[in-house]
Amino acid sequence: LNLIDTPGHVDFSYEVQRSLSACQGALLLVDCSQGIQAQTIATYEAAFTQDLHVIPVLTKSDLPNARPKEVIAELKSMFDMSENEIIISSAKTGQGIPEIFAAIVREIPPPSGRLSHPLRAMLVDSWFQRHRGLVCLVQIVDGDLRKGDRIRKCPLCALVS
Numbered sequence: 001l002n003l004i005d006t007p008g009h010v011d012f013s014y015e016v017q018r019s020l021s022a023c024q025g026a027l028l029l030v031d032c033s034q035g036i037q038a039q040t041i042a043t044y045e046a047a048f049t050q051d052l053h054v055i056p057v058l059t060k061s062d063l064p065n066a067r068p069k070e071v072i073a074e075l076k077s078m079f080d081m082s083e084n085e086i087i088i089s090s091a092k093t094g095q096g097i098p099e100i101f102a103a104i105v106r107e108i109p110p111p112s113g114r115l116s117h118p119l120r121a122m123l124v125d126s127w128f129q130r131h132r133g134l135v136c137l138v139q140i141v142d143g144d145l146r147k148g149d150r151i152r153k154c155p156l157c158a159l160v161s
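Residue numbers for the sequence shown follow the UniProt record's numbering, so the first one is 1 and each next one is one higher.
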């Protein structure tokens with residue numbers, strides 16, 4: 001299970017799109033005190049476009065200004081969600097946390113890679129470490145990768161160890 005926290009600000013739309021392409025599903029987190037924001041809509045549409053299963057989660061339900069009933073009504077109206085699929089949560093009190101994990105296991109499919117196929121991976125991120133050089137974080141789509149394997153990165157086909 002990989003958890004990717006995507007920023008909610010519109011300036012990070014590309015990163016959100018890229019992150020979603022590495023996922024099988026998404027938690028749509030909506031602050032109970034703020035309701036649906038413009039970026040909430042954009043993130044939902046991006047996940048929907050990529051045919052990801054979206055689990056709606058209301059967060060910060062413990063706040064004094066939380067308005068879960070109104071936000072549930074917004075979600076139902078805007079995204080055609082049913083009330084029973086919306087999880088109300090609070091990280092502070094632990095409310096809804098077991099339900100979130102259960103929904104992830106129940107509703108988000110596992111990766112569909114094939115071990116018998118040649119290695120195929122998607123570059124998720126890369127960074128430079130002074131003593132190791134370029135470090136790449138990849139999501140394996142097909143095949144497998146073991147310590148000591150040598151791979152080529154295309155389109156430049158540079159040898160990577």
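Ideal placement from N, C-alpha and C gives every residue a C-beta, glycine not left out.
Rounded separation between residue i and residue j - CA only
i, j, result
"residue 111", "residue 76", "29 angstroms"
"residue 68", "residue 29", "13 angstroms"
"residue 93", "residue 82", "25 angstroms"
"residue 107", "residue 53", "7 angstroms"
"residue 152", "residue 26", "31 angstroms"
"residue 114", "residue 70", "44 angstroms"
"residue 44", "residue 80", "12 angstroms"
"residue 149", "residue 62", "49 angstroms"
Nearest residue (CA-CA) to residue i, options the options
i, options, result
"residue 20", "135, 42, 31 and 101", "42"
"residue 141", "46, 151, 37 and 120", "120"
"residue 116", "151, 50, 67 and 144", "144"
"residue 17", "37, 94 and 51", "51"
"residue 118", "129, 49, 146 and 73", "146"
Own chain residues within Cβ distance below 8 angstroms of residue i, not counting five before or after
i, result
"residue 87", "55, 56, 57, 58, 96, 99, 100 and 103"
"residue 78", "36 and 41"
Cutoff 6 angstroms; reference residue i; Cβ partners in own chain excluding five residues on either side
i, result
"residue 65", "33"
"residue 137", "124 and 125"
Integer Cβ distance of residue i from residue j, believed to fall under 8 angstroms
i, j, result
"residue 124", "residue 22", "6 angstroms"
"residue 109", "residue 39", "Between residue 39 and residue 109 the Cβ distance is about 26 angstroms, and since that is not below 8 angstroms, they are no contact."
Spatial neighbours of residue i in its chain, beta-carbon cut-off 7 angstroms, leaving aside the 5 residues before and after
i, result
"residue 60", "31, 32, 33, 66 and 90"
"residue 85", "56"
Proximity test, Cβ basis, 8 angstroms: residue i and chain C
i, result
"residue 86", "The displayed structure is made up of one protein chain only, and chain C is not part of it."
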